[in-house]
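Step one of this worksheet: look at the structure below.
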Amino acid sequence: GAGAGAGAGGSEGTKPNKRSRARDALWHTVLGVVVDEEPSARYGHTVLYHRHTQLFFLFGGSNQVEFSNEVFSFDWELKQWRMLQQGADDADGEEGKRAPTRRHFHSAVWHLNPQTGEEDMLVFGGKSNGYHNDIWRYTVATNSWDLVAVKPG
Numbered sequence: 189g190a191g192a193g194a195g196a197g198g199s200e201g202t203k204p205n206k207r208s209r210a211r212d213a214l215w216h217t218v219l220g221v222v223v224d225e226e227p228s229a230r231y232g233h234t235v236l237y238h239r240h241t242q243l244f245f246l247f248g249g250s251n252q253v254e255f256s257n258e259v260f261s262f263d264w265e266l267k268q269w270r271m272l273q274q275g276a277d278d279a280d281g282e283e284g285k286r287a288p289t290r291r292h293f294h295s296a297v298w299h300l301n302p303q304t305g306e307e308d309m310l311v312f313g314g315k316s317n318g319y320h321n322d323i324w325r326y327t328v329a330t331n332s333w334d335l336v337a338v339k340p341g
């Protein structure tokens, strides 16, 4: 029989080791990025890939001085950033405001909107000068936000 450590074929080293493949992966700098509207350095942001538009969307984050509620897209083919929303000083998380409060360490996912058939970005929570317990929906087609009403549990 196959000894300890033998692969699926019964000989040493024939079974792929997923850990070694992940460990051996290499990072590469993306060259030729157009830097007209690139985001500033930040942490605590989210980046999601949108299959329909084939763009990456970046929201929020912090640069250790201030929090952000900016929205950027990145086109991998063109290697180009585009600022979609500069951010809003008056966004305080209340219904009727045009964007979520500036924040970092939030969560974001794409959600299929049954009314439009398109994927919208949902942003939940995060932190700025306090913790947030809200859900905002970003609609790609209209480049707009709306506060999602949450029913009490």
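The C-terminal position of the sequence shown is numbered 341 in our numbering, with every residue numbered one higher than the one before it.
C-beta: ideal position from N, C-alpha, C; glycine also.
Since the structure is predicted, the reported quantities are computational estimates derived from the model, not experimental observations.
Cα-Cα separation, residue i to residue j
{"i": "histidine 320", "j": "valine 338", "result": "13 Å"}
{"i": "asparagine 257", "j": "leucine 214", "result": "31 Å"}
{"i": "threonine 241", "j": "serine 261", "result": "10 Å"}
{"i": "glycine 281", "j": "valine 328", "result": "Confidence at glycine 281 is low in this model, with a pLDDT of 49, below 50, so its placement is unreliable and the value that follows should be read with caution. If I take the Cα positions, the gap works out to 19 Å."}
{"i": "arginine 291", "j": "leucine 335", "result": "15 Å"}
{"i": "glutamate 306", "j": "phenylalanine 245", "result": "15 Å"}
{"i": "valine 326", "j": "phenylalanine 247", "result": "Reading off the sequence, residue 326 comes out as tyrosine, not valine. Roughly 10 Å between the two C-alpha positions."}
{"i": "glutamate 225", "j": "valine 259", "result": "11 Å"}
{"i": "aspartate 212", "j": "threonine 304", "result": "42 Å"}
{"i": "lysine 315", "j": "asparagine 331", "result": "23 Å"}
{"i": "phenylalanine 293", "j": "aspartate 322", "result": "13 Å"}
Limits of the unbroken beta strand (DSSP E) element including residue i
{"i": "valine 297", "result": "295-300"}
{"i": "glutamine 273", "result": "268-273"}
{"i": "glycine 305", "result": "No beta strand (DSSP E) holds glycine 305; DSSP gives it neither H nor E."}
{"i": "threonine 327", "result": "323-327"}
{"i": "tryptophan 342", "result": "In the structure displayed, the chain extends from 189 to 341; residue 342 sits before or after that span and is not available."}
{"i": "glutamate 226", "result": "Element bounds for glutamate 226: n/a, residue is neither H nor E."}
Test: residue i CB closer than 8 Å to a CB of chain C
{"i": "phenylalanine 255", "result": "In summary, chain C is missing from the structure at hand, where a single protein chain is found."}
Contact belief for residue i with residue j at Cβ below 8 Å, rounded distance in angstroms
{"i": "aspartate 308", "j": "asparagine 317", "result": "The Cβ separation is near 27 Å, so there is no contact."}
{"i": "glycine 249", "j": "histidine 238", "result": "Glycine 249 to histidine 238, Cβ: 18 Å. No contact."}
Contact check, residue i vs residue j, beta carbons under 8 Å
{"i": "valine 311", "j": "proline 288", "result": "yes"}
{"i": "tryptophan 298", "j": "leucine 236", "result": "yes"}
{"i": "valine 222", "j": "leucine 272", "result": "no"}
{"i": "arginine 230", "j": "asparagine 251", "result": "yes"}
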